[in-house]
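Heads up: the protein sequence lines correspond to chains A, B and C, in order.
Under this note's numbering, the residue at position 206 of the first sequence is numbered 206, and the numbers go up by one with no gaps.
Under this note's numbering, the residue at position 100 of the second sequence is numbered 100, and the numbers go up by one with no gaps.
Under this note's numbering, the residue at position 428 of the third sequence is numbered 428, and the numbers go up by one with no gaps.
Down below is the structure, laid out as C-alpha cells.
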Amino acid sequence: MEVTDIRVILAPAISLLCAALVFVAGSNKHWRRFWMLSAATLKLGVVMSMLPGSLQGTVYTWDMIDFTPGIGLAFRADALGMFFAAVSSTLWVITTIYAIGYMTGDEHRVRFFGFFALCVSTTVGLAFAENLLTFFLFYEMLTICTYPLVIHDETPDALKAGRKYLTYTLIGGAFIMVGSVIVYDATGTLSLGHPGILSAELGTRTLLLIFVSLVGGFAVKAAVMPLHGWLPSAMVAPTPVSALLHAVAVVKAGAFGILRTIYNVFGVDLLEEIGFAVPLMWIAAFTILAASLVAIFQDNIKRRLAFSTISQLSYIVLGAALLTPFAATAAIVHIANQAFAKITMFFVAGAIQRTTGKTNVHELAGIGYRMPWTMGAFTVAALSFIGMPLFAGFITKWYLSLGALESGEYWVLAVMIASAMLNAAYFLPIVYLAFFKAPPGTKLRVAEARPTLLISTLVAAAYVIVLGTTAEVPGMPFSLAQAAVHFVFGM
Amino acid sequence: MAAWPHWLPLVVFAPLLGAVLTPIVSLRSRHVAPWWALAVMSVTSVAALFLVLRVASEGPFSYLPGGWQPPYGIELRFDEFSAVISVICLIGWLAVLYSLRYIEWLREVPKERIPYYYALLLLNLGGMIGFVVTGDLFNLFVFLEILSLSAYALVAFSGEHIAEMAAFKYLLMGAISSLLVLFSVGIIFGITGSLNMADVATRIGQLDSAAPAALALAMLAIGFMVKAALFPVHIWLPDAHAIAPSPISAVLSGLVVKVGIIGLIRVYQIYYTSGVLDLHTLNQVLVWLGAISIVMGAFFAIFQDDIKLMLAYSTISNVGYIVMGLGLSTNFSVIGGSVHVFNHALIKATLFLAAGALIYRTGYRTLTDLRGIGRSMPLTCIAISIGAISIVGIPPTAGFLCKWYIALGAFEADQPFFGFALIFGALFIFIYYIRMVNAFYFQAPVHPEILEVTEAPLSMLAPTLFLASLCLIMGILGRIPLAFIEPAAARLLAPLGG
Amino acid sequence: MTGRLVTSVMPVAAVFLPLAGVVAGLVLGRISGRARAWGLGAICAATAALTIALIPGVLDGSVYEIYLLRLTPVIWIHLRVDAMGALFAATAALLWLLALVYSVGYMADGHRLGRYYAFFMLCLSWTLGVAYAGNLLTFLIFYELFSILTYPLVVHEETPEAMAAGTKYIIYILMGGSLVLLGVVFTFFLAGDQTLTAGGILNATMDRTSLLVIFWCFIVGFGVKAALVPLHGWVPDAHPAAPAPFSAVLSGVMVAAGSFGIMRVVFQVFGTELLAELGVMPVLAGIAAFTVVFAAVLAVGQDNIKRRLAYSTISQMGYVALGVGLLGAEATIGALVHITNHAFMKGTLFLCAGLLIKRAGIHNVSEMAGAAKRMPVTMAAFALATLGMIGTPPLSGFISKWYLGLGILDADQPLYLAVLLGGALLAAIYLLPIVYAAYFKKPPTIAAEDTGEGAEAPASMLVPTVIASALTLVLGLAATVPGFPYSLARMATEAFFR
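Right under this line is the structure:
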C-alpha cells in the first residue's frame with residue numbers, strides 16, 4: 001500500500017534546515033548545540049514514526065517536482081530505505097552528542113556541524129530516493145558535502161586525503177551516471193520501486209555495461225578492493241567524520257547503492273539468469289580477506305579500523321551477490337550491524353586520542369586500566385566483528401552462512417571463518433594490550449574520556465548488543481530487513 | 001502585450017540605438033552612462049520577456065519590416081533557439097550593473113572613456129541579439145561583425161599593452177572567421193540567389209551540384225567553430241577572456257562564444273532542411289572536436305593559477321559539451337546541448353562575476369594569492385562554489401541536466417564512448433575547481449591582509465548571488481527549459497526522419 | 001520418549017545467578033575482600049544447589065525447559081534440562097564452588113581480583129548455559145561466549161608465558177568455534193531449528209556428503225576444546241599459565257565441555273542409528289584411542305607438574321571420546337560418568353599442585369622429594385586422586401573405566417582394551433612417581449632446613465581440596481545410588497540407544 005506522506009521529505013528537510021540554521025545562526029555555541037540536538041532528535045522521531053506503518057507494509061511516497069521531463073525528484077520510503085534511514089538517523093543522534101564533545105575548542109565548528117548536518121540530510125534523501133536519478137543526486141551531494149569534513153584539519157595531509165577522496169568518489173559517481181544513463185536509455189524508467197526494471201532482452205552487452213558501471217561506481221564508496229584507496233587515507237579526518245564516513249553515511253551509501261542496483265534495478269531473477277553476480281562475489285570475498293590481512297599490519301588505530309571497514313563492507317556486497325533470501329537478509333542487516341560496531345570503535349579511538357593523545361596500537365598498553373568503560377565498549381564491538389553470538393555481528397554471520405549454503409557456494413563459509421579469525425587477529429591484540437599488558441611502573445588511575453564522548457560510545461556499544469539479541473523483537477529494524485527481502489524475492 | 005508584433009524589432013534596435021546614444025546622453029556627466037545603459041537593457045529585457053513568452057505559447061514567428069515578404073525583404077525570425085536572448089538580456093543587465101563600480105575602479109581606464117565602455121557593451125549585446133533573431137544570412141554576418149568588433153574593443157578597453165595584444169589575437173582569429181562566414185554567405189547567394197535562411201534551405205535542396213553547398217557548409221562550420229572557440233581554434237579565447245574586465249569576461253565567456261553555437265545551429269537548420277548533404281561527416285567531426293575540447297580545456301585549466309584564465313579554459317570544455325550534443329544529433333543530445341547554451345551562460349557569468357569581485361577587493365588574481373579568501377568574502381566564495389559544482393555537473397545544479405541529456409543522447413546515438421568521454425571529462429574539470437575551493441577555504445593565506453577584506457559592494461554582490469541562485473534553480477526546475485526547447489530540437493531533427 | 005515437559009525458570013535461574021554474582025563481586029569487592037568472598041561463595045553455593053535440585057526431577061522423567069528469547073526469526077534461545085545436561089551442570093557448579101572457595105585463599109594477594117572473580121562467575125554462567133542448551137544455536141552461543149571469556153582467566157597472571165599461552169588458546173578456540181558455527185549453520189540449513197533430543201535432528205535422507213561435512217565440522221570444532229590429539233596444542237600451555245583454581249576448572253569442566261559438545265552432536269544431532277550408517281565413528285574412536293596413549297606418553301616426559309597434569313587431561317578426555325566413538329550403551333555410560341569423575345579427580349590434582357606452588361614453591365616433579373612430610377594432607381589428597389586416575393577400585397576412576405571396558409567388549413574391539421589398560425598404566429607411570437617422591441624420597445637437606453615442617457595451607461584452601469578428593473572416593477563407593485552420575489548417565493544412554 002502506497003501512501004503519500006510528507007514525512008518522507010520532512011526527514012531530510014529537517015537536517016537540511018538544521019544545516020542552514022547552523023550556518024546562519026550557529027556561531028553561538030549554545031544555539032548551535034540546540035539546533036543540532038533538536039534536529040537530530042526530531043528527525044529520529046520522524047523516521048521512527050514511519051516505522052510502524054512501514055512494518056505493516058505501508059510505503060510512504062512523496063513526489064516533489066519533475067526534475068527533467070519524465071524523471072521526478074521523488075521520494076519513496078520502502079522497507080529497505082526505511083532500514084537505512086532508521087540506522088543513519090539513530091546514529092546521527094549519537095554522533096552529534098559525540099561530536100559536540102569531541103570538537104570542543106576546535107576552529108571552524110560552524111562549518112563542521114553545518115556540513116555534518118548536510119551529509120546526514122543527503123543520506124536520508126538517498127535512503128528514500130524513488131529513482132536512480134534522485135539517488136544519484138543525493139549520492140553526489142554527499143560526496144561534495146563530505147569533502148569539507150574530510151579536510152577539516154586543513155593540513156597538507158588532510159588536503160591530500162581530500163583530493164584522493166574526491167578523485168575516487170567522483171570517478172565512481174561518473175560511472176554511476178553512465179550506468180543510469182544506459183538504464184534510462186534502455187528502459188525509459190529509473191524507478192527503484194520494483195524488484196528489477198531490466199530484462200534479459202536488452203542483451204548481455206548492455207546489461208554488462210550497466211552492471212559494471214553501477215556496481216563499479218557504487219563499489220568505490222563501498223570500498224570494495226581495489227577501489228578502496230581513499231578510505232584509509234580519509235582517516236586523517238576528525239573522528240566524528242570517520243564515524244560518518246565509515247558508519248553513518250558514505251560507505252553505507254555505496255553499499256546501499258549496490259543493494260539497490262542488485263535488488264531494484266536488476267532484480268535477483270535476472271541476475272541469477274545472467275550470472276554477473278558471481279565475479280562480484282569473488283571480488284567481495286577477496287576484499288573481505290585481503291583487507292583484513294592488511295589491517296593486521298596497521299599500527300595506527302584508525303587506519304586499522306579503516307581496513308576493517310573495507311573488509312566488513314564487503315560482507316554486504318557478498319550477501320547481496322549471493323542472491324538468496326538469507327544472504328540478502330544478512331546484507332541488509334549488516335548495514336546496521338557494521339555501523340553500530342564500527343562507530344563504537346571509532347568513538348573509542350577518538351576518545352583515546354582526545355584524552356591521552358595516543359593514536360597507535362602499540363601505545364595502548366594498559367589503556368584499559370585507565371579507561372575501562374571505553375575499552376569495554378571497544379571489546380563489545382570487537383566481539384561483534386568476530387561474530388560472537390549475542391552480538392550484532394553474529395546475526396550477519398549466521399544469515400550469510402545460511403545464504404551461502406542456500407546458494408551452494410560452500411567456499412563462502414571458508415571465507416567467513418577465515419574472516420572471523422582475521423578479525424580476531426587484529427582486534428583482540430588491542431583488547432589484550434589494553435587490559436592485560438599492565439603498564440610498567442606506575443599504577444594508572446581511572447581517567448575516562450569526558451562524559452559526552454563516553455556516553456555516546458557506550459550507547460553505541462549497547463546498540464551492538466541490542467541488535468544482536470533482539471533481532472526478532474517486533475518493531476526492531478530487523479523485521480524491516482525481512483520485509484525488504486520479501487519484496488525483493490517476491491515472497 | 002506579448003502579441004504586440006513590434007517587440008521583435010525593438011529588442012534588436014533598442015540596444016543598438018542605445019549604444020549610439022550613450023556618448024550623447026552622457027556628455028554632461030559620465031555618471032549618466034551606466035544608468036542609461038541599464039535603462040536600455042531594461043527595455044530590451046522587457047521586450048525579450050514578451051518574445052520568449054510568445055514563442056513558448058505559439059511557436060516560432062517572424063517579423064517582416066515594412067511588410068516585404070521574404071526572400072525579398074529582410075526577415076526577423078524568432079524561434080526557440082532565439083530565446084537565448086533572455087539570458088543575453090539578463091546577463092547584459094547584470095553586467096552593466098556590475099560594471100557600475102568595477103569600471104570606475106580600473107585604474108588603467110581613463111574616466112572620460114567610460115561612457116564608450118557602456119556604448120560598446122550595448123553594441124555588443126545588441127549585435128548578439130540581432131544575430132540570434134535574424135532570419136537573413138547577410139544580416140547574420142552584419143550582426144556578427146558588430147558584436148565581434150565591439151568585443152575586440154571591449155577586450156582591449158583597459159588600454160594595457162597585454163590587453164591590446166590579447167585583443168589583437170582575438171581580432172586576427174575573429175577576422176578569419178568573419179571572412180569565412182562572409183565567403184560562404186557569398187557562395188550561398190551565388191548558388192541560390194537568396195539570403196533568407198528558410199528560402200535558402202529549400203533552394204539548396206533543388207540544386208544540381210552539391211559541391212558549392214558543401215564548400216559553403218565547411219566554411220560556415222569552421223567560421224562558427226572559431227567563434228565558439230572549439231579546440232583547436234580556441235587559441236584566442238583564454239587570453240581575451242582572462243584579460244578583459246570581469247563583467248566583459250562574463251559576457252564574452254557566457255554569451256559571445258554561444259553566438260558561434262547559435263551560428264552552427266542555424267547552419268544545421270539550413271542544411272538539414274535542405275537535405276542536400278549528408279551531415280554525418282560534419283557531425284562526427286563536431287563530436288570528436290567536442291570530446292577533445294572537453295578534455296583539453298580541462299587539461300589546460302589544471303595548470304593555471306590565474307583564476308580567470310582557469311575559468312576561460314573551462315569555457316572551452318563546456319563549449320565542447322554543447323558541440324558534442326549538437327554533433328550527436330539525437331533528440332536528447334540536441335536538447336541537452338541547447339539548454340546548456342543557457343545554463344552555461346548563467347554558470348560562467350556567476351563564476352566570472354564572483355572572480356571579479358575577489359580581484360576587485362583584493363587586487364590578487366591567482367589562487368595562491370587568494371588563499372583564505374573564503375573567510376573574508378564568504379558569500380562570493382559560496383557563489384563560486386555553487387558555480388563550480390554546477391559546471392562540473394553535480395546534481396541538482398544547472399550543469400547536471402545537460403550532461404545527463406547529452407550522455408543519454410550518446411547512448412541513443414549508439415556512441416557510448418562519447419557518453420563516457422563527457423562524464424569523465426567532467427571529472428577532469430572538477431580537479432581544478434577543487435583546487436579553487438581548497439585555496440579559498442582550506443589553505444592558509446599567503447597574504448594575511450586577505451583576511452581583512454570585506455564583501456564586494458552590493459552592485460557587484462547582488463548580481464553574483466542572483467546568478468548563483470539561478471544555477472541552483474535552473475537545475476531543480478530543469479524541466480522547464482528542457483520542455484521549452486524540445487519542439488525546436490524535434491523540428492531541427494525532423495528532416496532526419498527521427 | 002522425552003518425558004514430561006515442564007516449563008520452569010530453574011534453568012534460567014541457574015544461568016543467571018552467577019551473572020548476578022558478577023555484579024555482586026564487583027560491588028562487594030569495593031567494600032572488602034571478605035565481603036566478596038562470602039557473597040560469591042553464597043551465590044556459587046546457591047547455583048550448585050539449584051543444579052543439584054534439578055536432578056531428582058530429571059530422574060523422575062521430567063524435562064525442564066524454557067524459551068527465553070527469539071534471537072533470529074527462526075531460532076529461540078531455549079534452555080532445556082535433560083539427564084546429560086543436568087549431570088554436566090551439577091558437576092560444573094560443584095567444582096566451581098570448590099575452586100571459588102580455594103581461590104579466596106589462593107588469590108588473596110593476587111592482582112586485579114575484580115576482573116578475576118567477574119570472569120570466573122561469568123564462565124560459570126555460560127558453562128551452565130552450555131549444559132542446559134536446548135538447541136544447537138543456544139549451545140553455540142554459550143559455547144562461544146565462554147570460550148572467549150575464558151581468555152582473561154588464562155592470561156590472568158599477565159606473565160609473558162601466560163600471554164603467549166593466551167594467544168595460542170584464543171587462536172585454537174576461535175578456529176574451533178568457527179567450525180562449530182559452520183556445523184550449526186549447516187545443520188540449521190538442512191533441518192531447521194530443532195530441539196536437541198535423542199534420536200537426532202538429521203536423518204539418512206539427507207545428502208551424505210553434507211552429513212559428513214557437518215560431522216567433521218563438529219568433531220574438529222569441539223575436538224579443539226576437547227583436546228583430541230592433533231588439536232590439543234593449547235592445553236599444555238594454558239594450564240600451567242593459569243592460576244591453579246582456574247586450571248582445575250579449565251581441566252575439569254572447560255575441556256570437558258568440548259567432549260560434552262561431541263556427545264550432544266553424536267547422540268542428539270546425528271543419532272546413533274544415522275552414525276552407525278555413516279560409519280564415521282570408528283575413525284573417531286581411533287583418534288580418541290591415539291589421543292589416550294599419545295598424550296599419556298608425552299605426560300611422562302614433563303617435569304612441570306601442571307604441564308604433566310595438562311597432558312593427563314588430554315589423555316583422559318581421550319577416554320571420553322573413545323567411549324562415544326564406540327557407539328555402545330555401556331561405553332557411553334562410561335564416557336558420561338568419566339566426565340564427572342575426571343572433573344573432581346583432576347580438580348583435586350590441580351588444586352594440590354596449586355598448594356605445592358603456593359606453599360612450598362614446588363613447580364616441578366623433580367622438586368617433590370619429601371613434600372609429604374611438609375604437606376601431609378595435601379599429598380594425601382593428591383595420592384587419592386592419583387589412584388583414582390589410575391583406576392584403582394573402589395575409586396571413581398575405576399567406575400568409568402569399568403563401563404568403558406564393558407563397552408569395548410560389547411563392541412568387540414579388544415585392541416581398545418589394550419589402550420584402556422595402557423592408558424591406566426601410563427597414568428600410573430606419570431603420576432605415581434610424584435607420590436612416590438613425596439612420600440619416600442629424602443628431601444634435599446637445604447630445603448628441609450629452610451622450611452622445615454608445617455607448610456600446610458590454611459583451611460580455606462585445604463578444605464576444598466580435601467572435599468574434591470573425597471568426592472573421588474564417594475563417587476566410586478556410591479556409584480549406583482540414584483542421583484549420582486551413574487543413574488543420570490544410564491537414563492541418558494537409554495534414550496540414545498532405544
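Just so you know, even glycine gets a beta-carbon here, dropped at the ideal spot from N, CA and C.
- Annotation: Cβ neighbours of Leu145 of chain C in chain A (cutoff 8 Å, chain order): Met388, Pro389 and Leu390.
- The C-beta of Gly419 of chain B comes closer than 9 Å to at least one C-beta of chain A.
- Scanning its chain for C-beta atoms nearer than 8 Å, with the 5 sequence neighbours on each side dropped, one finds around Thr187 of chain C the residues Leu136, Ile201, Leu202, Ile214 and Val269, in chain order.
- From the beta-carbon of Leu427 of chain B, the residues of chain A found nearer than 7 Å are Leu170, Ile171 and Ala174.
- Straight-line spacing of the CA atoms in Val485 of chain A and Pro325 of chain A works out to 6 Å.
- In this structure the segment 49–62 of chain A lies against the segment 71–83 of chain A, because at least three pairs of beta carbons, one per stretch, are closer than 8 Å.
- At a beta-carbon threshold of 7 Å, the residues of chain A lying near Phe186 of chain C are Leu405, ordered along the chain.
- For Leu8 of chain B, the closest C-alpha among the options B:Met41, B:Pro23, B:Pro65 and B:Leu21 is that of B:Pro65.
- Note: Ala74 of chain A is bridge-paired with A:Asp63 in the DSSP secondary-structure output.
- Boundaries of the alpha helix (DSSP H) harbouring Val341 of chain B: Asn331 to Thr362, taken from the DSSP string.
- Residues of chain A with a Cβ closer than 9 Å to the Cβ of Glu161 of chain C do not exist, since the nearest Cβ in that chain sits about 13 Å away.
- Counting only runs that start and end inside the segment 271–316 of chain A, the alpha helix (DSSP H) elements of at least 4 residues fall at 277–296.
- Sequence-distant partners of Gln353 of chain A (beyond 5 residues in either direction) whose C-beta falls short of 6 Å from its own C-beta, in its chain, are Thr359.
- Just so you know, the alpha carbons of Leu21 of chain A and Arg32 of chain A end up roughly 8 Å apart.
- When the Cα atoms are used, Pro279 of chain A and Phe489 of chain A turn out to be separated by approximately 21 Å.
- Between the segment 173–188 of chain A and the segment 230–239 of chain A, the count of C-beta pairs closer than 8 Å stays below three; the two stretches do not touch.
- For Asp414 of chain B, the closest of B:Leu10, B:Tyr102, B:Ile384 and B:Val287 by C-alpha to C-alpha distance is B:Val287.
- For the alpha helix (DSSP H) assignment, the uninterrupted runs of no fewer than 4 residues enclosed by the segment 109–172 of chain B are, from N- to C-terminal side, 114–133 and 137–155.
- Bounds of the alpha helix (DSSP H) holding Val474 of chain C are Ala459 to Leu477.
- Taking 9 Å as the CB threshold, Leu477 of chain B lines the interface with chain A.
- Secondary structure of Tyr410 of chain A (DSSP, three-state): coil.
- With respect to chain C, the C-beta atom of Ser314 of chain A has no partner C-beta closer than 9 Å.
- Under the 9 Å criterion on CB atoms, Arg111 of chain A is classed as interfacial with respect to chain B.
- Taking 9 Å as the CB threshold, Ala158 of chain A lines the interface with chain B.
- Sequence-ordered contacts of the segment 264–287 of chain B with chain A are nonexistent [C-beta pairs closer than 8 Å].
- With a threshold of 9 Å between beta carbons, Ile141 of chain C makes contact with chain A.
- If you check the CB distance, Ala331 of chain A and Val317 of chain A come in under 9 Å.
- Counting only unbroken stretches of 3 or more residues, no beta strand (DSSP E) element lies wholly within the segment 312–374 of chain C.
- Here Leu95 of chain C really is in contact with Ala248 of chain C; their C-beta atoms are around 7 Å apart, less than 8 Å.
- With respect to the 9 Å criterion, Ala133 of chain C and Phe146 of chain C are not classified as neighbours on the basis of their beta carbons.
- Between Gly376 of chain A and the set A:Val464, A:Leu244, A:Pro477 and A:Phe307, the nearest pair of CA atoms involves A:Val464.
- For Pro5 of chain B and Val55 of chain B, the gap between their C-alpha atoms comes out near 12 Å.
- A contact is defined here as three or more CB-CB pairs under 8 Å, and the segment 359–371 of chain B meets this definition with respect to the segment 431–451 of chain B.
- Taking the CA atoms as reference points, Ser57 of chain B sits about 18 Å from Leu76 of chain B.
- For the options A:Leu42, A:Gly193 and A:Leu170, the alpha carbon positioned closest to that of Phe424 of chain B is the one of A:Leu170.
- Going by DSSP, Thr356 of chain A is part of the alpha helix (DSSP H) stretching over Pro325 to Thr356.
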